[in-house]
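S.K.: Would you mind keeping the following structure in view while I ask a few things?
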Amino acid sequence: MALSFALLAVSILLIFIAYNLFLRLKAKLPPVVNNAQLAKEVLKDNDQNLANRFRTKPLANVSRNGSDLIWADYGHHYVKVRKLCNLELSTLKRIEALRPIREEEVTSMIHDIFRDSSKPGNVGKSLIMRGYLGLVSFNNITRLTFGKRFMNSEGKVDEQGQELKQIVSNGMKIGGKLKLGDFVPWLSYFFKDDNEALKAQDSHVDRFTRVIMSEHTLARKKTGETKQHFVDALLTLQKEYELSDDTIIGLLWDMITAGMDTMAITVECAMAELVKNPRVQQKAQEELDRIIVSDHVITESDMSKLSYLQSVVKESLRLHPPTPIMLPHMAGATVKIGGYNIPTDPIVHVNVWALGRDPKVWKDPLQFRPERFIEEDVDMKGHDFRLLPFGAGRRICPGTNLASNMVTSMLAHLLHHFKWSPPFGVETQDIDMLESPLSLTCERLYKLFLLQDCLNTYMNVCGYIRQWVENNVRNHIVNKTHARSLWDKLETFYASKTGNNKLFLLKQLMNIRYKEGSPISDHINDFQGVLDQLSGMGVKFDEKI
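Residue 399 in the numbering used here sits at position 407 of the sequence shown; the count goes up by one each step and never skips.
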């Protein structure tokens, strides 16, 4: 009897504690905005009063208590570092200066796909897209930020790169966990292990970043040159902008965490939709064939001509925004949203995923139909509150132009060089578009496996050979000669020759011209072989053939 009474008393106590905890958490549950009109009230009408950030303990550690940009409260510090980031990430001059890095990584991706799909035993097998897309995103963001390419084309990461990936992975795990101690302080006592993990992560980030900062400082002192990378820009401007080491570390990790996965996730979702909707894929490829000259290497300057492809990107971002819920906006003063008073300090979330699927705004919202953006030009850079993949107002992503250029370029290359389809035995309608419920980003729950067929291999290889020749044998040919005109000149040269040399070289030329479905490296090796043999026959490539 006494035991039963004791159990009853304990049960009542636990119920009381649970109910009290529920009331506390309920009072802290933030409002979530799900339509364009309310999003406008948050991000435009009350932008300044809702520009602060709510920081959990892990986020306070990562951001050095708001010393960075993403998690800083709105004020003098935010305005200062925002101006700096705009100068280094958003101006046309900086975007153009960093273009070679982006284009090199995208071109490398195409080479890797050609190489892997043509290996013995791989022909006809599907590829896991996430590996190729993740490699581009990883190398692009680390080169822009740290000036280093940690991962090679085979996906092998050097020691420093492995350390970086471990830091990012641990940070996502720690940052993504719900910690009741952030809402009910006395509960922190029961989560001491989490606090130790936070300290270890903070120490790891600090040590890793300071090593890279020291490397770049020593390199600048040794050469006297300032490179284009973000870390160099921050170190160069440290005194002028009065940046602490904590601010520099915070800004560097803002770049890494914001750009590491989001571009790869966006392109993977777009590719899944394009395979699921072959009509759209074909239409995008027809535009590419119409706009891009056959022997021309695609560059970012071509993207403005590809209106349908840009609509494909918008439609994918509408349905699959990389960050489905915007980072929390915290009220710095009492505001009114949707007729309700929001007092100082509570946080407000904007549901970007819901905005893009609102049936009151979008006709057939679940249908992937890029034509809707041809029929109506909808801005996606913060001016139209129906489509906000990069945010809006004072808190809009400073890397918007960099990210949109990279995503469009990746898709353009993938569609221009390959036709994509599901693996054998899988119908297009069976491609699953489920997103991971445990991810902070709009990551696909299942990996995307796709088959690819080369499109116009010869035509596309022309451009790559031209680029390769310009980079590697610039002194051997007239600088303005492109691949097709060079081959025309070679054919004229062959016509003037007789005997075995002519027939042998002509046979090699025809093999290059008509070989389909083989790796790009084979074409380049064959082409270089022809150049070498012609050089041996006395042909001077610095003169017209």
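A virtual CB, placed ideally from N, CA and C, is assigned to each residue, including glycine.
1. Can you tell me whether Thr249 is buried or exposed? The criterion is at least 16 other CB atoms within 10 Å of its CB, across all chains shown.
2. Alpha carbon to alpha carbon, how far is Met205 from Met164?
3. In whole angstroms, what separates the C-alpha of Asp337 from that of Asp194?
4. Please determine, among Ile105, Glu97, Ala64 and Asp294, the residue with the shortest C-alpha to C-alpha distance to His321.
5. State the CB to CB distance for the pair Leu119 and Ile105, rounded to an integer number of angstroms; the pair is presumed to be in contact (CB under 8 Å).
6. Which of helix, strand or coil does DSSP assign to Val418?
7. What is the DSSP secondary structure of Ile7, reduced to helix, strand or coil?
8. I'd like the list of long-range same chain contacts for Ile7, defined as Cβ closer than 7 Å, with 5 residues on each side in sequence excluded.
9. What would DSSP say about Tyr66, mapped onto helix, strand or coil?
10. Assign Pro313 to one of two classes, buried (16 or more other C-beta atoms within 10 Å of its C-beta) or exposed (fewer than that).
11. Tell me the DSSP secondary structure of Met372 in three-state form.
12. Less than 7 Å between C-beta atoms, sequence neighbours within five positions excluded: which residues of the same chain meet that for Arg378?
13. Should Leu61 be labelled buried (16 or more other beta-carbon atoms within 10 Å of its own) or exposed?
14. Mind checking Pro50: buried by the 16 CB within 10 Å criterion, or exposed?
15. Applying the criterion that 16 or more other CB atoms from any shown protein chain within 10 Å of the CB defines a buried residue, is Asn406 buried or exposed?
16. Residue range of the alpha helix (DSSP H) that Tyr332 falls in?
17. For the segment 29 to 76, list the alpha helix (DSSP H) runs that are entirely contained and at least 4 residues long, ordered along the chain.
18. Give me the residue from Asn343, Gly330, Ser110 and Val418 with the minimum Cα distance to Leu380.
19. Per DSSP, what kind of secondary structure is Val197 in: helix, strand or coil?
20. Assess contact between the segment 262 to 278 and the segment 317 to 335, defined as three or more Cβ pairs (one per stretch) separated by less than 8 Å. Is contact present?
21. Restricting to Cα atoms, I'd like to know which of Trp412, Cys389, Gly385 and Glu419 is closest to Lys36.
22. Inspect the beta-carbon positions of Ala225 and Glu80 and report whether they are closer than 7 Å.
23. If you draw a straight line from the C-alpha of Ile334 to the C-alpha of Glu88, how long is it?
24. Beta-carbon within less than 7 Å of Asn114's beta-carbon, same chain only, minus the 5 sequence neighbours each way: which residues are those?
25. Any idea if His408 is buried or exposed, counting beta-carbon neighbours within 10 angstroms, 16 or more meaning buried?
26. Check the C-beta distance from Asn259 over to Leu403 and give it rounded, since I have them as a contact under 8 Å.
27. Would you mind sorting Thr137 into buried or exposed? The rule is 16 or more other CB atoms within 10 Å of its CB.
28. Is the beta carbon of Ser82 sitting closer than 7 Å to the one on Asn393?
29. Could you check if Ile4 is buried or exposed, using at least 16 other CB atoms within 10 Å of its CB as the buried criterion?
30. Given this structure, state the Cα-to-Cα distance separating Ile339 from Gln274, to the nearest angstrom.
31. Within 10 angstroms of the Cβ of Asp150, are there 16 or more other Cβ atoms? Answer buried if so, exposed if not.
32. Which value, in whole angstroms, describes the spacing of the CA atoms of Arg94 and Val305?
33. Whole-angstrom Cβ separation of Val272 and Phe360, contact assumed at under 8 Å?
34. According to DSSP, Ile339 sits in a beta bridge with which residue or residues?
35. Which residue marks the beginning of the beta strand (DSSP E) containing Val327, and which one marks its end?
M.R.: By the coordinates alone:
1. Thr249 sits buried, since 16 or more C-beta atoms from the chains shown fall within 10 Å of its C-beta.
2. Cα-Cα distance, rounded: 23 Å.
3. CA-to-CA, the gap between Asp337 and Asp194 works out to about 26 Å.
4. A check of alpha carbon separations from His321 across Ile105, Glu97, Ala64 and Asp294 identifies Ala64 as the nearest.
5. Contact holds; Cβ gap of about 7 Å.
6. Val418: coil per DSSP, three-state reduction.
7. If DSSP states are grouped into helix, strand and coil, Ile7 belongs with the helices.
8. Residues of the same chain with their beta carbon placed closer than 7 Å to that of Ile7 are lacking, with the five preceding and five following residues left out of the count.
9. The answer is coil: DSSP assigns Tyr66 none of H, G, I, E or B.
10. The residue is buried, with at least 16 neighbouring Cβ atoms inside 10 Å.
11. Coil.
12. Ala28, Leu347, Val353 and Val370.
13. Buried is the call here.
14. With at least 16 other beta carbons inside 10 angstroms of its own, Pro50 counts as buried.
15. For the record, residue 406 in the displayed sequence is Leu; it is not Asn. Residue environment analysis places Leu406 among the buried positions, since at least 16 neighbouring C-beta atoms fall within 10 angstroms of its C-beta.
16. Note, Tyr332: premise wrong, no alpha helix (DSSP H); beta strand (DSSP E) at Tyr332 to Ile334.
17. Correct list: 49 to 54.
18. Proximity to Leu380 across Asn343, Gly330, Ser110 and Val418 peaks at Asn343, based on C-alpha coordinates.
19. For Val197, the three-state secondary structure derived from DSSP is helix.
20. With a cut-off of 8 Å, the segment 317 to 335 and the segment 262 to 278 do not count as touching, because too few Cβ pairs lie within range.
21. Nearest C-alpha to Lys36: Gly385.
22. Yes, they are a contact pair.
23. Their backbone Cα atoms lie some 43 Å apart in a straight line.
24. Closer than 7 Å at Cβ, skipping near neighbours: Asp108.
25. Buried is the call here.
26. Per the sequence shown, residue 259 should be read as Val rather than Asn. Contact check for Val259 and Leu403: beta-carbon distance about 6 Å, within the 8 Å limit, so the pair qualifies.
27. When all chains shown are included, Thr137 counts as buried.
28. Yes, these two residues count as a Cβ contact at 7 Å.
29. Ile4 counts as exposed, since fewer than 16 other beta carbons sit within 10 angstroms of its beta carbon.
30. When rounded, the distance between both Cα atoms is 44 Å.
31. Note on Asp150: under 16 other CB atoms within 10 angstroms of its CB, so exposed under the neighbour-count rule.
32. Those two C-alpha atoms are separated by around 18 Å.
33. About 7 Å separates the beta carbons of Val272 and Phe360, which is inside the 8 Å limit, making them a contact pair.
34. Partner(s): Met322.
35. Element bounds for Val327: Val327 to Ile329.
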